[in-house]
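**Student:**
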Amino acid sequence: MDFENKVALVTGASRGIGRAVAEVFAKGKAKLILTATTNSIDNVAKEISEKYGVEAIGVAGDISKEPDVKDLFKIIMEKFGRLDICVNNAGITKDGLSMRMSVEDFESVINVNLKSAFIVSKEAILLMMREKYGRIVNMSSIVGIRGNVGQANYAASKAGIIGLTKTLASEVAKRNITVNAVAPGFIDTDMTKAVADKAREEFLSLIPMNKAGQPEDIAEAVAFLASDRAKYITGQVLVVDGGLMLK
Ligand code: NAP
Numbered sequence: 218m219d220f221e222n223k224v225a226l227v228t229g230a231s232r233g234i235g236r237a238v239a240e241v242f243a244k245g246k247a248k249l250i251l252t253a254t255t256n257s258i259d260n261v262a263k264e265i266s267e268k269y270g271v272e273a274i275g276v277a278g279d280i281s282k283e284p285d286v287k288d289l290f291k292i293i294m295e296k297f298g299r300l301d302i303c304v305n306n307a308g309i310t311k312d313g314l315s316m317r318m319s320v321e322d323f324e325s326v327i328n329v330n331l332k333s334a335f336i337v338s339k340e341a342i343l344l345m346m347r348e349k350y351g352r353i354v355n356m357s358s359i360v361g362i363r364g365n366v367g368q369a370n371y372a373a374s375k376a377g378i379i380g381l382t383k384t385l386a387s388e389v390a391k392r393n394i395t396v397n398a399v400a401p402g403f404i405d406t407d408m409t410k411a412v413a414d415k416a417r418e419e420f421l422s423l424i425p426m427n428k429a430g431q432p433e434d435i436a437e438a439v440a441f442l443a444s445d446r447a448k449y450i451t452g453q454v455l456v457v458d459g460g461l462m463l464k
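Numbering-wise, our numbering puts 374 at position 157 of the sequence shown, and it's gapless, one number per residue.
1) Based on the DSSP output, what are the partners of Val-276 in its beta bridges?
2) Compare the beta carbon distance of Ala-241 and Glu-437 with 9 Å and say whether it is the shorter of the two.
3) Would you mind reading off the limits of the beta strand (DSSP E) that contains Thr-228?
4) Using 8 Å for Cβ pairs, my map puts Val-369 next to Phe-323. What's the rounded Cβ distance?
5) With distances taken from CA atoms, which of Asp-288, Ser-266, Gly-361, Val-224 is nearest Lys-375?
6) Can you list, in chain order, the residues of its chain with a C-beta nearer than 8 Å to that of Gly-457? Leave out the 5 residues immediately preceding and following it.
7) For Asn-328, which three-state DSSP category applies?
8) I'd like to check one pair, Asn-393 with Val-354: are the Cβ atoms closer than 9 Å?
9) Quick check: Gly-229 and Ile-293, are their CB atoms within less than 9 Å of each other?
10) Quick one: what does DSSP say Arg-363 is sitting in, helix, strand or coil?
11) For Leu-278, count neighbouring Cβ atoms within 10 angstroms of its own Cβ and tell me buried if that reaches 16, exposed if not.
12) What first and last residue would you give for the beta strand (DSSP E) that runs through Gly-351?
13) When DSSP labels each residue in this structure, what does Pro-401 get in the three-state scheme?
14) Going by DSSP, name the residue or residues bridged to Leu-344.
15) Which residue wins for smallest C-alpha separation from Ile-336, given the options Asn-260, Gln-453, Lys-282, Leu-442?
16) Since Ser-231 contacts Ser-257 with CB under 8 Å, what's their CB separation in whole angstroms?
17) Going along the chain, which residues of its own chain have a beta-carbon closer than 7 Å to the beta-carbon of Phe-290, five neighbours each way excluded?
18) If we require 4 or more residues per run, which alpha helix (DSSP H) segments fall completely within the region 416-444?
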């Protein structure tokens, strides 16, 4: 897909799905701003820049903190002066049954997975309105649609992403800005490596396509929604799960 002359922000791009999204944009010649919590994101940006011959910068920070997000957008303005695509991908899990889950663990997952998407989208929309163009893609999960034992915090955050996506989509539709979400199923990344073997086997047995998804499978869906091919699609949730939701 062609992203030449587009400036794209991907949060949580150090590994997993975020990194795969960054690589699809880089293949399409986008200019990239990549974030993660540590400075290792600089190396990721450098590797992608050299591999695809595109401009890419890494910005370390906590995307759930408004001052860090303000600093991020200052850098975007100084370096590129505009933003065309924003992928709110950063996410964490802190699993446990609800009766044992601490309020801190509930709050921190909501902050990183949901509050961050609100704070980042607010800043992104301000820039996109100036250009009368924008594509926002938020990372939800099938767990946000159907719930999941041991993930009250995570499921609530991912359901919240769907409400946020639909609301923002309605608010900015007139400005030529689309806002959509992708809801992955079970994808092979560090996040799912943490899932116990038994739970993993149970999940896999429920997938009609009989295998976990790869980060690239999600990246292609994100790229489609961020491309001009999807210019009349807004407020939608694209499930990418090998058929898991059919069960
Ligand atoms: P992952 O491999 O664990 O990567 C998570 C990314 O988020 C890392 O780059 C991490 O940066 C970044 N991050 C975490 N907290 C952050 C914060 N406070 N500020 C900035 N960056 C932060 O996860 P993944 O599996 O690729 O998941 C990516 C997204 O897809 C998440 O929103 C996740 O909920 C969603 N998702 C995943 C699956 C799945 O099966 N894997 C399914 C459905 C939805 P550091 O490297 O600095 O930690």
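For every residue, glycine included, the Cβ atom is placed at its ideal position computed from N, Cα and C.
**Tutor:** Based on what the coordinates show:
1) As a working mapping, residue 276 is identified with position 59 in the sequence shown. Per DSSP, Thr-252.
2) Position 24 of the sequence shown, counting from 1, holds the residue named residue 241. Position 220 of the sequence shown, counting from 1, holds the residue named residue 437. Residue 241 is actually Val in this sequence, not Ala. Going by C-beta atoms, Val-241 is nearer than 9 Å to Glu-437.
3) As a position in the sequence shown, residue 228 is number 11, starting the count at 1. Run containing Thr-228: none; DSSP gives neither H nor E here.
4) Position 152 of the sequence shown, counted from the start, is the residue given in the question as residue 369. Position 106 of the sequence shown, counted from the start, is the residue given in the question as residue 323. First, the amino acid is wrong: residue 369 is Ala here, not Val. That belief holds up - the Cβ atoms of Ala-369 and Phe-323 are roughly 7 Å apart, short of 8 Å.
5) As a position in the sequence shown, residue 375 is number 158, starting the count at 1. Checking every option, the nearest Cα to that of Lys-375 belongs to Gly-361.
6) On the sequence shown, residue 457 is found 240 positions in, with the first residue counted as 1. Sequence inspection shows Val at residue 457; the Gly mentioned does not correspond to that position. Same-chain partners within the cutoff: Val-399, Ala-400, Pro-401, Gly-402, Gly-430, Asp-434, Ile-435, Ala-438.
7) For the purposes of this step, residue 328 is identified with residue 111 of the sequence shown, where counting begins at 1. Note: Asn-328 maps to helix in three-state DSSP.
8) Counted from its first residue, the sequence shown places residue 354 at position 137. Counted from its first residue, the sequence shown places residue 393 at position 176. No, the pair does not count as a contact, with Cβ atoms beyond the cut-off.
9) Against the sequence shown, residue 229 aligns to sequence position 12. Against the sequence shown, residue 293 aligns to sequence position 76. Here Gly-229 is not near Ile-293, since their CB atoms are 9 Å or more apart.
10) For the purposes of this step, residue 363 is taken as the residue at position 146 of the sequence shown. Helix at Arg-363.
11) Counting from 1 along the sequence shown, the entry for residue 278 is found at position 61. The residue you asked about is not Leu; residue 278 is Gly in the sequence shown. When all chains shown are included, Gly-278 counts as buried.
12) As a working mapping, residue 351 is identified with position 134 in the sequence shown. For Gly-351, the uninterrupted beta strand (DSSP E) segment begins and ends at 351-356.
13) Position 184 of the sequence shown, counted from the start, is the residue given in the question as residue 401. Strand at Pro-401.
14) Within the sequence shown, the letter at position 127 stands for residue 344. Beta-bridge pairing links Leu-344 to no other residue.
15) Looking up residue 336 in the sequence shown gives position 119. When each option's Cα is compared against that of Ile-336, the closest is Lys-282.
16) Along the sequence shown, read from residue 1 onward, the residue named residue 231 stands at position 14. Along the sequence shown, read from residue 1 onward, the residue named residue 257 stands at position 40. 6 Å between Cβ atoms; contact.
17) Within the sequence shown, the letter at position 73 stands for residue 290. Scanning its chain for C-beta atoms nearer than 7 Å, with the 5 sequence neighbours on each side dropped, one finds around Phe-290 the residues Glu-340, in chain order.
18) Every alpha helix (DSSP H) stretch that sits fully inside the region 416-444 and reaches 4 residues is listed by chain position as 432-443.
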